[in-house]
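J.:
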Amino acid sequence: MTERGPSTTRARGAEPELPDPRVPAPPHGRLGVAGGTALYIAAVLGTGILVLPALAAAAAGPGAILAVAALALISVPLASTFAALARRHPDAGGVATFARRAFGPGAARVISYWFFFGTPIGAPIAALMTARYVVAVIGGDARTATLIAVGLMVIPVVVTAFGVRFAASVQLVLSGALVAVLVFVLAAAAPHARPENLQPLLPHGWAGVGLAMSLYIWAFAGWEAVAGIGGEFRNPRRDIPRATALALVIVSVAYLAIQTVTVVVLGGDAATSDVPLLDLVRVATGAGGGVVVAVIAAIVVTGVFNAYLAAFSKLGAAMGRDGDLPPWFGRGVENGAVARRGLLLSAVVMAVYSVIVLSSGDLQPFILIHTSIAAAVYGLGVASAVRLLPVRSLGWWMAVISCVLAAGLLVLAGWHLVFPLVAAVIAVGVGAVSRRARGRATGAGAP
């Protein structure tokens, strides 16, 4: 296998070379602003609304609202950075392509392994979150929740097999329904707010706010995920920034609203709730509103898997193309093509993690593992942006700010960074073995 990737010889900060008019431009897909915004909302809004308001309230009390507000502000430069990268370098490799251009194939392999083999641990977490809501409404035990969780993971794999365009069409409907139902829940619950629930503001000090922020990285991670389908936009340079901006506003307002309403309506009960949205609906509409929450949960998890599986399948194909996986997985890497072999490998990785997570049932440790991997991906991704984007451009300044913010997220991750560290060591080891194998093959073929 050979290491391949875009040239990194362009001077840092220089404008990209003009395309050769004799060479046909690479084909782009058919995503527009609406479909792209829907995928971004699904990737970022996601399943965090199902349990994070309760976990954050347990960690920081009313201070969880400050944690959400801080991460919403942090998301502005992060989202802007990845949008700037995706519009200039729309490629199926996503963040791995950025790292390859900036630091070479070794960095690309590391970030590919983080994203492709680490991030899918979130799939069974998301599915189990949703299954618990469904069981809380229809009844059942832990086995019922497990079976529902498995079904929730299988269906989006089938949807994604029809291609990103089909998934985006479905996602546009799902994201619209999700936002509409969230507005209904918040409007119904808000009149039951009690201002006294905001006191004391920091029952666990600023350390509690930090822990809540670590948990909420799960919720705000996702800006890097959709970078892998940048080539699926009809006009990446125009539509990616617009889709990012729209999604950023919608997601930030949604998370801040749901956390605030959870705290001021449920008070101390929020910290002990396994299904905080269900409890909000019960306060507002009684037991009959549980069906609405089950619908929310199903919409959320289906949308998240649609967005992430589209990105995973394309990344797997790009890794096959670039020598980070066997070449067999490279089929479907072209813009507009369906990377079914990459999707198959993604499904296998999800299945392995599902056995571990579903057999445990305790979500918080796995959420923190997931967020540590997300923080590592963000760190290397924004560092790549500093090298790739024109110096002193708006995107470059956003990347510089993002580097500082990403460093803070890495500090919050703490000892959980051992997991991305292990994945990085494995990636480096695979690279070393691959180079030695190529060296032996070259030596054997020499006269």
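Mapped onto the numbering used here, the consecutive letters of the sequence shown carry residue numbers 574 to 1020.
Backbone N, C-alpha and C define an ideal beta-carbon position, used for all residues, glycine too.
#1: Which residues mark the beginning and the end of the alpha helix (DSSP H) in which tryptophan 791 is found?
#2: Return the CA-CA distance between leucine 967 and serine 685, expressed in angstroms with no decimal places.
#3: My output table needs one value for phenylalanine 1025: the three-state DSSP class, helix, strand or coil.
#4: For phenylalanine 671, report the span of its alpha helix (DSSP H) as first-last.
#5: Are the CB atoms of proline 814 and arginine 661 within a distance shorter than 8 Å?
#6: Under 8 Å, with one C-beta from each stretch per pair, do the segment 986-1000 and the segment 957-974 reach the 3-pair mark?
#7: Going by alpha carbons, who is nearest to glycine 695 out of Gly778, Gly987, Leu788, Ala642?
#8: Would you be able to state if there are at least three C-beta pairs under 8 Å between the segment 978-985 and the segment 948-960?
#9: Quick one, which of Tyr828, Phe806, Ala611 has its alpha-carbon nearest alanine 637's?
#10: Excluding sequence positions up to five away, which residues of its chain have a Cβ less than 7 Å from the Cβ of tyrosine 613?
#11: Return the chain-ordered list of same chain residues with a C-beta closer than 7 Å to the C-beta of isoleucine 946, the five sequence neighbours on each side being excluded.
#12: Which residues share a DSSP beta bridge with leucine 604?
#13: State the DSSP-derived secondary structure class of aspartate 664, mapped to helix, strand or coil.
#14: Closer than 8 Å is the cut-off here; do at least three beta carbon pairs connect the segment 633-652 with the segment 831-843?
#15: Taking the alpha carbon of alanine 871 as the reference point, which residue from Gly608, Gly609, Leu623 has its own alpha carbon closest?
#16: Rounded to the nearest angstrom, what separates proline 963 and glycine 987 at their Cα positions?
#17: Are there 16 or more other CB atoms within 10 angstroms of the CB of histidine 765, so buried, or fewer, so exposed?
#18: Can you tell me the Cα-Cα spacing of alanine 920 and valine 731, whole angstroms?
#19: Return helix, strand or coil for leucine 898, following the three-state DSSP convention.
#20: In terms of residues, what are the limits of the alpha helix (DSSP H) holding histidine 943?
#21: Looking at the structure shown, is serine 572 part of a helix, part of a strand, or coil, going by DSSP?
T.: Here's the rundown:
#1: Your numbering for residue 791 matches position 218 in the sequence shown. It spans 778-793 - the alpha helix (DSSP H) in which tryptophan 791 sits, taken as one unbroken run.
#2: One-based indexing of the sequence shown puts residue 967 at position 394. One-based indexing of the sequence shown puts residue 685 at position 112. Between the alpha carbons of leucine 967 and serine 685 lies a gap of roughly 27 Å.
#3: Only positions 574 to 1020 of the chain appear in the structure, and residue 1025 is not among them; the question remains open.
#4: Locating residue 671 in the sequence shown gives position 98, where the first residue counts as 1. That run of the alpha helix (DSSP H) goes 668-676.
#5: In the sequence shown, the residue the question calls residue 661 occupies position 88. In the sequence shown, the residue the question calls residue 814 occupies position 241. The answer is no: Cβ separation not under 8 Å.
#6: no
#7: Here the question's residue 695 lines up with position 122 in the sequence shown. Of the candidates Gly778, Gly987, Leu788, Ala642, the one whose C-alpha sits nearest the C-alpha of glycine 695 is Leu788.
#8: yes
#9: For the purposes of this step, residue 637 is taken as residue 64 along the sequence shown, with counting starting at 1. That would be Tyr828, whose Cα lies nearest to the Cα of alanine 637.
#10: Stepping through the sequence shown from its first residue, residue 613 is reached at position 40. Same-chain partners within the cutoff: Val799, Ala816, Thr817, Ala820.
#11: Taking the sequence shown and counting its residues from 1, one reaches residue 946 at position 373. Excluding sequence neighbours, isoleucine 946 sits near Trp687, Gly691, Thr692, Phe992, Pro993.
#12: Here residue 604 refers to the residue found at position 31 of the sequence shown. Per DSSP, Phe806.
#13: Numbered from its first residue, the sequence shown carries residue 664 at position 91. Of the three classes helix, strand and coil, the one that applies to aspartate 664 here is coil, per DSSP.
#14: By the Cβ rule, the segment 633-652 counts as touching the segment 831-843, because three or more pairs are nearer than 8 Å.
#15: Against the sequence shown, residue 871 aligns to sequence position 298. The candidate whose alpha carbon is nearest that of alanine 871 is Leu623.
#16: As a position in the sequence shown, residue 963 is number 390, starting the count at 1. As a position in the sequence shown, residue 987 is number 414, starting the count at 1. Roughly 33 Å between the two C-alpha positions.
#17: On the sequence shown, residue 765 is found 192 positions in, with the first residue counted as 1. Exposed, by the Cβ-count rule.
#18: As a working mapping, residue 920 is identified with position 347 in the sequence shown. As a working mapping, residue 731 is identified with position 158 in the sequence shown. If I take the Cα positions, the gap works out to 10 Å.
#19: Walking along the sequence shown from the start, residue 898 turns up at place 325. If DSSP states are grouped into helix, strand and coil, leucine 898 belongs with coil.
#20: Sequence index remark: in the sequence shown, residue 943 carries index 370 (1-based). The continuous alpha helix (DSSP H) containing histidine 943 extends over residues 936-961.
#21: Residue 572 lies beyond the residue range present for the chain, which begins at 574 and ends at 1020; the question has no answer from this structure.
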